[in-house]
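Numbering (my numbering), first residue to last: 34 to 370.
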């Protein structure tokens with residue numbers, strides 16, 4: 034499996050929170066190569082299973098499917114679209130090209146600059162209520178095409194940077210989806226595994242880890258490994274608060290995670306010479322791992338994260354070697370059971 038090519042394919046899909054069906058076709062096609070019975074549920078989750086021997090423990094590999102985005106809240110008298118954000122970093126929005134998903138139609142637009150009475154202090158990030166999308170239509174024209182509640186995505190583009198770094202508006206968390214697929218690719222070479230595998234690509238993580246709550250309750254795994262992105266060191270970022278790009282998988286340690294699973298992941302990384310870093314978090318993790326670990330009677334859950342620069346912006350940067358390390362670590366965890 035070529036990670037950069039698969040990641041590019043994933044990052045170019047739509048699928049803002051609540052509109053994950055835009056990504057379902059391609060993601061299902063990729064997952065069904067390893068899990069032929071993989072399917073999408075009515076909530077927007079994608080699930081799949083490998084092996085049906087119920088005597089074996091069930092291990093869940095999870096990443097969230099949705100992207101950050103915006104939702105249309107109003108069409109003003111001049112035909113501009115007013116929006117509410119779903120995870121967007123407001124500092125990066127002005128003058129961005131966007132796509133508005135209007136049912137079966139897609140409309141291009143641009144986020145306008147701030148009006149003079151708002152733009153007097155350029156040191157402050159614009160508020161979402163000051164953001165407006167210009168789609169080149171009058172109010173009457175816009176109302177015939179756009180509905181309140183339509184989803185909006187920043188267009189951006191997938192770009193290969195120097196070395197193994199890549200940039201896209203959607204590496205959160207298509208990088209995690211890619212890591213899970215890579216783990217399955219590695220595991221398909223094994224003649225027999227000591228456990229069953231379940232995969233959950235969860236909907237609506239960016240609006241409250243909602244899809245993982247539903248998917249995991251139904252699956253009821255014995256163990257779970259969630260993967261998401263986390264902050265990487267960049268200009269002006271405190272090194273003590275972030276991982277390093279290109280230095281490997283970030284193994285989470287937190288009160289909300291299984292200490293036994295975290296220690297096992299660290300032991301495997303050391304034994305198998307998989308590049309790794311540690312990420313210590315007080316309390317919860319801010320990822321789907323939080324909802325997974327307290328599902329039903331409680332699930333022994335670990336978190337492996339991918340370092341990422343410029344989170345929730347149109348230029349999220351990850352290193353594909355870190356994605357590879359995360360996939361390797363998940364595969365070795367499965368084999369170790």
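The beta-carbon is built from N, C-alpha and C at its ideal position, and this holds for glycine as well.
Hey, which unbroken runs of the alpha helix (DSSP H) at 4 residues or more fall wholly within the stretch 86 to 121?
Fully enclosed alpha helix (DSSP H) runs of no fewer than 4 residues are not present anywhere in the stretch 86 to 121.
Looking at C-alpha atoms only, which residue of 91, 281, 75 and 113 is the closest neighbour of residue 52?
By alpha-carbon distance to residue 52, the top candidate from 91, 281, 75 and 113 is 75.
Residue environment, residue 366, which counts as buried when at least 16 other CB atoms sit within 10 Å
By the C-beta density criterion, residue 366 is buried, having at least 16 other C-beta atoms within 10 angstroms.
Apply the 10 Å Cβ neighbour rule to residue 270 and answer buried if 16 or more other Cβ atoms are within range, or exposed otherwise.
Counting other Cβ atoms within 10 Å of its Cβ, residue 270 stays below 16 and is therefore classed as exposed.
Opposing strand residues paired with residue 283 [DSSP bridges]
Under the DSSP definition of a beta bridge, residue 283 partners with 310 and 338.
Roughly how many angstroms lie between the CA atoms of residue 104 and residue 39, to the nearest whole one?
Spanning the two alpha carbons is a distance of roughly 28 Å.
Just to confirm the assignment, what range does the beta strand (DSSP E) spanning residue 349 have?
That run of the beta strand (DSSP E) goes 349 to 352.
Going by C-alpha to C-alpha distance, which of 125, 119, 224 and 35 sits closest to residue 239?
By alpha-carbon distance to residue 239, the top candidate from 125, 119, 224 and 35 is 119.
Please report how far the alpha carbon of residue 345 lies from the alpha carbon of residue 273, in whole angstroms.
When rounded, the separation of the alpha-carbon atoms in residue 345 and residue 273 is 20 Å.
Report the rounded CA-to-CA distance for residue 133 versus residue 175, giving the unit in angstroms.
If you take the alpha carbons of residue 133 and residue 175, they lie about 11 Å apart.
Helix, strand or coil, according to DSSP, for residue 54 in the structure here?
Three-state DSSP puts residue 54 in a helix.
Residue 111 to residue 142 span [Cα, whole Å]:
Residue 111 and residue 142 have their C-alpha atoms roughly 14 Å apart.
Just confirm the distance between the C-beta atoms of residue 262 and residue 351, as a whole number of angstroms; I'd bet it's less than 8 Å.
About 7 Å separates the two Cβ atoms, so the contact holds.
Buried/exposed call for residue 347, threshold 16 Cβ in 10 Å:
Label assigned to residue 347: buried.
Decide if residue 62 is buried, meaning its Cβ has at least 16 other Cβ atoms within 10 Å, or exposed.
That one is exposed.
Can you round the beta-carbon distance between residue 298 and residue 335 to whole angstroms, since I take them to be within the 8 Å contact cut?
Sure, about 5 Å apart at Cβ, within 8 Å.
Give me the Cβ distance between residue 138 and residue 178, rounded to the nearest whole Å; I'm assuming they're in contact under 8 Å.
Correct: roughly 7 Å between the Cβ atoms.
How far does the alpha helix (DSSP H) with residue 245 in it extend, from its first residue to its last?
Taken as a continuous stretch (DSSP letters only), the alpha helix (DSSP H) holding residue 245 covers 243 to 252.
What residue range does the alpha helix (DSSP H) around residue 135 cover?
Following the DSSP letters along the chain, one finds residue 135 in no alpha helix (DSSP H) but inside the beta strand (DSSP E) bounded by residues 130 to 135.
Suppose only complete runs of 4+ residues qualify. What are the alpha helix (DSSP H) ranges in the stretch 196 to 281, listed by chain order?
Within the stretch 196 to 281, the complete alpha helix (DSSP H) runs of at least 4 residues are 204 to 220 and 243 to 252.
Give a yes or no on whether the C-beta atoms belonging to residue 17 and residue 43 are separated by under 8 Å.
Only positions 34 to 370 of the chain appear in the structure, and residue 17 is not among them; the question remains open.
Meets three-Cβ-pair contact criterion under 8 Å: the stretch 68 to 86 and the stretch 162 to 169
By the Cβ criterion, the stretch 68 to 86 is not in contact with the stretch 162 to 169, since fewer than three pairs of Cβ atoms, one from each stretch, lie closer than 8 Å.
For residue 356 and residue 182, I'd like the C-alpha separation in whole angstroms.
Rounded to the nearest angstrom, the two C-alpha atoms are 34 Å apart.
Local conformation of residue 70 per DSSP, three classes
Of the three classes helix, strand and coil, the one that applies to residue 70 here is coil, per DSSP.
Would you mind working out which of 49, 326, 45 and 354 sits nearest residue 184, comparing C-alpha positions?
Nearest option by C-alpha distance: 49.
Residue 204 vs residue 359 beta-carbon contact at 8 Å
Not a contact, by the Cβ cut-off of 8 Å.
With burial defined as no fewer than 16 other Cβ atoms inside 10 Å of the residue's Cβ, what is the status of residue 313: buried or exposed?
Burial state of residue 313 is exposed, judged by a 10 Å Cβ sphere holding fewer than 16 other Cβ atoms.
Considering residue 140, what are the terminal residues of the beta strand (DSSP E) in which it resides?
First-last of the beta strand (DSSP E) with residue 140: 138 to 144.
Exposure of residue 78, with buried meaning 16 or more beta-carbon neighbours within 10 Å:
Residue 78 sits buried, since 16 or more C-beta atoms from the chains shown fall within 10 Å of its C-beta.
Looking at residue 249 and residue 338, is the spacing between their C-beta atoms short of 8 Å?
Their beta carbons are not under 8 Å apart, which means residue 338 does not touch residue 249 by this criterion.
Residues that DSSP places opposite residue 82 in a beta bridge:
DSSP, once it has assigned bridges, lists 231 as partnering residue 82.
For residue 332, which three-state DSSP category applies?
Under the three-state reduction of DSSP, residue 332 is assigned to coil, being neither helix nor strand.
Per DSSP, cross-strand counterpart(s) of residue 193:
BP columns for residue 193 point to 199.
Extent of the continuous alpha helix (DSSP H) to which residue 298 belongs:
Counting along the chain, the alpha helix (DSSP H) containing residue 298 begins and ends at 292 to 305.
In the DSSP assignment, the beta strand (DSSP E) including residue 185 goes from what residue to what residue?
That run of the beta strand (DSSP E) goes 184 to 187.
If residue 146 sits next to residue 127, beta carbons under 8 Å apart, how far is it from one beta carbon to the other, in whole angstroms?
Between residue 146 and residue 127 a beta carbon distance of about 6 Å is seen, short of the 8 Å cut, so the two are scored as contacting.
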